[in-house]
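So the protein lines, in turn, are chains A and B.
Each number in the working numbering comes from the position in the first sequence (counting from 1) with 224 added on.
Each number in the working numbering comes from the position in the second sequence (counting from 1) with 460 added on.
Glycine included, C-beta positions come from ideal geometry on N, C-alpha and C.
Values in this document were obtained by computation on a predicted structure and should not be read as measured data.
What follows is a single structure, written as structure tokens, with notes after it.
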Amino acid sequence: MIKNLKSSLILTVILILMFGVIYPLGIYTIGLVFPSNSVGSPIVKDEQIIGFENIGQSFTDDKYFWGRPSAVGYNAASTGGSNKGPTNPDYLAEVQARIDTFLVHNPWVKKEEIPSDLVTAPGSGIDPNISPNSAYIQVKRIAAVRNLPEAQIKALVDSSIENTVMGMPVINVLKLNLKLDELK
Amino acid sequence: MEYLYSAIIILVTILLAVPLGRYVSKVFKGEKTFLDFFEPIEKLIFKISGINPHAEMDWKQNLRSLLTINLVWFIWIMFVLLTQTWHPFWNPDNILSMEPTQAFNTAVSFVTNTNLQHYSGETGASYFSQLLALVFLQFVSAGTGIAALALLFKGLANRSTRNLGNFYFHLVRACTRILLPLSIVLAVVLLLNQTPMTFKGSETIVTLQGDTVSVARGPVAAMVAIKQLGTNGGGFFGPNSTHPFENPNGITNAAETSAIMLIPIAMVFALGYYLNRKKLAYVIMAVMTAGYLMLLIPTILQETGGNPMITQMGITQPQGSMEGKEARFGPVLSALWSISTTVTSNGSVNSMHDSFTALSGAFQMMGMQLNAFYGGVGVGFINMFIFMIIAVFISGLMVGRTPEFLGKKIEVREVKIAILVALLHPLLILGGTALASHTWMITENPGEVLKWLNNPGFHGFSEMLYEFTSSAANNGSGFEGLGDNTAFWNISTGIVMLLGRYIPIIGPIMIAGLLSQKKYIPESAGTLKLDSGMFGVMLFAVILIVGALLFIPALVLGPVSEYLTI
Chain A
225 MIKNLKSSLI LTVILILMFG VIYPLGIYTI GLVFPSNSVG SPIVKDEQII GFENIGQSFT
285 DDKYFWGRPS AVGYNAASTG GSNKGPTNPD YLAEVQARID TFLVHNPWVK KEEIPSDLVT
345 APGSGIDPNI SPNSAYIQVK RIAAVRNLPE AQIKALVDSS IENTVMGMPV INVLKLNLKL
405 DELK
Chain B
461 MEYLYSAIII LVTILLAVPL GRYVSKVFKG EKTFLDFFEP IEKLIFKISG INPHAEMDWK
521 QNLRSLLTIN LVWFIWIMFV LLTQTWHPFW NPDNILSMEP TQAFNTAVSF VTNTNLQHYS
581 GETGASYFSQ LLALVFLQFV SAGTGIAALA LLFKGLANRS TRNLGNFYFH LVRACTRILL
641 PLSIVLAVVL LLNQTPMTFK GSETIVTLQG DTVSVARGPV AAMVAIKQLG TNGGGFFGPN
701 STHPFENPNG ITNAAETSAI MLIPIAMVFA LGYYLNRKKL AYVIMAVMTA GYLMLLIPTI
761 LQETGGNPMI TQMGITQPQG SMEGKEARFG PVLSALWSIS TTVTSNGSVN SMHDSFTALS
821 GAFQMMGMQL NAFYGGVGVG FINMFIFMII AVFISGLMVG RTPEFLGKKI EVREVKIAIL
881 VALLHPLLIL GGTALASHTW MITENPGEVL KWLNNPGFHG FSEMLYEFTS SAANNGSGFE
941 GLGDNTAFWN ISTGIVMLLG RYIPIIGPIM IAGLLSQKKY IPESAGTLKL DSGMFGVMLF
1001 AVILIVGALL FIPALVLGPV SEYLTI
């Protein structure tokens, strides 16, 4: 029994070193080959990190494309979804409020045209993407606020669709808005 | 397209599992493989530990070793989690120590391969804990399950001997020969696709719109790889693989989904190679796959149909139900993951199960309640073994012969153990849910006092049912709206996880030990052929009758009622 316990203790120490230290350090070392990926793919502007490619940011201003609602207010230090059930009355009221807000800011949009991803919160709370339709439906507002031709904004959206392999076609909201700011 | 993607993911996984199964069988038998360059390292490990990896051990000695070392791990992880405040390095975000009942729950959860997380990774665990306690346990708890299965295989192959092989030998080799190489491959795929692996702490940034936000990150890739492969499921961040750092795009999603099922499916083929009964492996595989598709297809249909309550508001939902789901995955790939993760006791998520439409929640729970369609690494097949013993026994009764299983007589003791193990699962789930519901009912103003439930009515009941189902199945996913970080939930689910893990390992190993000592009886004309479609149908029926029927009333009270009230 004592021998069994002693062996278990020593074996545990070795396995902790192997899988808790050496394995992660090994993966870390491989990661150094991809220096940007391994620190989270930051977007740098004027030597300042202004965001991460895959971490969504909150956009509420009319001059920017909006992302999806977030249950945690796009807090990337404490992420999560709403975990609201499909029939929860509080939740449904929240969705209704999002629909109303969207219609106020985009009065030319018909209710049934609103894509569901624009009024539902993702599981991560920091979804960087929206569906292409969710971007198209905002083009008119952006064009009006920025005094730019609609066709130009629409072309920008067209060129921003990412058709990733094995995933749904999406648009990265942060990247799209960065490009938007560069339009003259 | 996403339907095609789903089919590709399932098919590729099965195709990869066949050679992996052959390889696993070689590893179990100690035959030569192309990874033999690990051998000197393994020899050194055994030498330092004072273990003779070739010492013959019977089922009792093996179980004693398994339980002893699991206890040592439990004490280690408790120690690490309770001392986070003082971690000497790898704690750049200065995370504080866990509260004792939460530490207990987390320790049990990781030792039992459950990874039910009552903490949130980015705020509750230091990098030191994530790696030296949690990642370490994700390897060795999966290794324990695989080693237990190796002992079981040996017991089935044996003729009149007590020797089941050596637990330590299988534990170490399961980790070095199976889990480690696959994890490295998956981690590299993740790194290539922008999953971070850094020891830098969180980064504070000013967003485009001018908000100041802190972005948590860390050594993510290493952990995500093993949590997917070892049916662990405990992610680096609170929302698991919904988080774009854990699962950035379609490629990582496909790789991670495939990794959930790869080793569990490979174990079935491993049995075929190990016992040289490939046809039996195909029959079991067919039963498992039929069960898997039976749950998967309706879930996909439910999710693509959208939430009917939102349709009533005048929103058309060609995209399907999107609450709790990421735009890059959509409803089909989310449904695929949710069923894959619940049938295999993995428990990682790429969408929030609490927000799935009502009936999908029932299918997810059934996956865990049956717990044998592919199942956890090692233990999944062990659960299936229990159902097989019961199916053989019932078939034997029907034709009036002493039941035989792979040339061994099945007698009273084996059947008793099998039935007790099979009935433990519903007892833990239904008993636990009853206790929680009772506590809720006798508390005055429970919404204010207990604050458990994030949703009212039937869905609230489902949250409690799901939590105990997930704990007993060692799954670890949750209807995460449940406010589960309280002493009640931490302790009750902790106990359920312990019983739900060790009794279904102890029982089958005992049976294997008993069968191992029996004389081999050659097959005759009257023997029930296990590798026949007939037995497959019988097995499927037993799983549904013994496994599923007990849960139907509880499911009716929760998700089915919710569905009917729409």
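Does chain A have any CB closer than 9 Å to the CB of residue i?
i: B:M657; result: yes
i: B:I1031; result: Absent from the structure is residue 1031 of chain B, since the part of chain B shown begins at 461 and ends at 1026.
i: B:I870; result: no
i: B:E582; result: yes
i: B:G510; result: yes
i: B:A647; result: yes
i: B:P699; result: yes
Looking at the unbroken beta strand (DSSP E) that takes in residue i, where does it start and where does it end?
i: A:P266; result: P266 to K269
i: B:E663; result: E663 to V666
i: A:Q272; result: Q272 to F276
i: A:N401; result: Unbroken run through A:N401 is the alpha helix (DSSP H), V397 to E406; no beta strand (DSSP E).
In chain B, which residues lie with their C-beta within 8 Å of the C-beta of residue i?
i: A:W320; result: Position check: residue 320 of chain A holds Gln in this sequence, whereas Trp was assumed. Neighbours of A:Q320 on chain B, chain order: M773.
i: A:V263; result: P656, T658, K660 and R677
In chain A, which residues lie with their C-beta within 8 Å of the C-beta of residue i?
i: B:K486; result: Result: empty, since nearest Cβ-Cβ is about 22 Å, beyond 8 Å.
i: B:Y628; result: S231 and L235
i: B:L668; result: I274, G275, Q281, F283, Y288, L398, N401, L402 and D405
i: B:T1025; result: T311
Is the Cβ of residue i closer than 9 Å to any Cβ of chain B?
i: A:S384; result: no
i: A:I323; result: yes
i: A:A301; result: yes
i: A:P346; result: yes
i: A:L239; result: yes
i: A:D341; result: yes
i: A:E336; result: yes
Nearest-angstrom Cα distance between residue i and residue j?
i: A:S358; j: B:A676; result: 27 Å
i: B:M721; j: B:V837; result: 9 Å
i: B:G710; j: B:R788; result: 7 Å
i: B:D991; j: B:A746; result: 11 Å
i: B:P982; j: B:L988; result: 12 Å
i: B:P548; j: A:T236; result: 20 Å
i: B:V540; j: B:T1025; result: 47 Å
i: B:N935; j: A:I377; result: 47 Å
i: A:Y247; j: B:P641; result: 10 Å
What residues from chain A crowd round residue i, counting only those whose CB sits closer than 7 Å?
i: B:W533; result: T236
i: B:K979; result: Ordered by position in chain A, no residue passes the 7 Å Cβ test against B:K979, which lies about 31 Å from the chain.
i: B:N709; result: T388 and G391
i: B:F596; result: L239, I240, F243 and G244
i: B:K785; result: P346 and G347
i: B:M782; result: S340, D341 and T344
i: B:W900; result: Correct list: empty, because the minimum Cβ distance to chain A is about 16 Å.
For residue i, which option in the options has the closest C-alpha, if you only look at C-alpha atoms?
i: B:M769; options: B:I799, B:N700 and B:S815; result: B:S815
i: A:Y288; options: A:V394, A:R370 and A:A379; result: A:R370
i: B:G765; options: B:Y742, B:I877, B:P791 and B:W536; result: B:P791
i: A:F243; options: B:R637, B:G891, B:L819 and B:G856; result: B:R637
i: B:G694; options: B:E582, B:G967, B:A741 and B:P964; result: B:E582
i: B:T862; options: B:G986, B:A607 and B:L668; result: B:G986
i: B:Y465; options: B:S509, B:N530, B:A714 and B:S620; result: B:A714
i: A:V389; options: B:G510, B:I469 and B:R622; result: B:I469
i: A:K334; options: A:Q320, A:I361 and A:V319; result: A:I361
i: A:D250; options: B:F1000, B:G936, B:A647 and B:G780; result: Note that residue 250 of chain A is Gly in the sequence shown, not Asp. Nearest of B:F1000, B:G936, B:A647 and B:G780 to A:G250, Cα basis: B:A647.
i: B:W550; options: B:G938, B:V632 and B:P679; result: B:P679
i: A:T311; options: B:S781, B:I889, B:V809 and B:L895; result: B:S781
i: B:T621; options: B:K978, B:D991, B:P964 and B:E786; result: B:K978
i: B:K614; options: B:W536, B:V571 and B:L731; result: B:L731
i: B:T893; options: B:S930, B:P906, B:A741 and B:G751; result: B:S930
i: B:K687; options: B:G973, B:G917, B:I723 and B:V872; result: B:I723
i: B:P479; options: B:Y733, B:F534 and B:R619; result: B:Y733
i: B:F833; options: B:L913, B:I725, B:T953 and B:M748; result: B:M748
Would you give the residue range spanned by the alpha helix (DSSP H) that residue i belongs to?
i: B:G581; result: G581 to G584
i: B:T672; result: Careful: B:T672 lies outside any alpha helix (DSSP H), inside the beta strand (DSSP E) at T672 to V675.
i: A:W290; result: Where A:W290 is concerned, there is no enclosing alpha helix (DSSP H), given that its DSSP letter is neither H nor E.
i: B:G960; result: A947 to Q977
Check the Cβ of residue i against every Cβ in chain B and list those closer than 7 Å, keeping chain order.
i: A:N330; result: Within chain B, no residue comes near A:N330; the closest Cβ sits about 14 Å away, beyond 7 Å.
i: A:P352; result: P704
i: A:L316; result: M769
i: A:P248; result: L591, V595, P679 and A682
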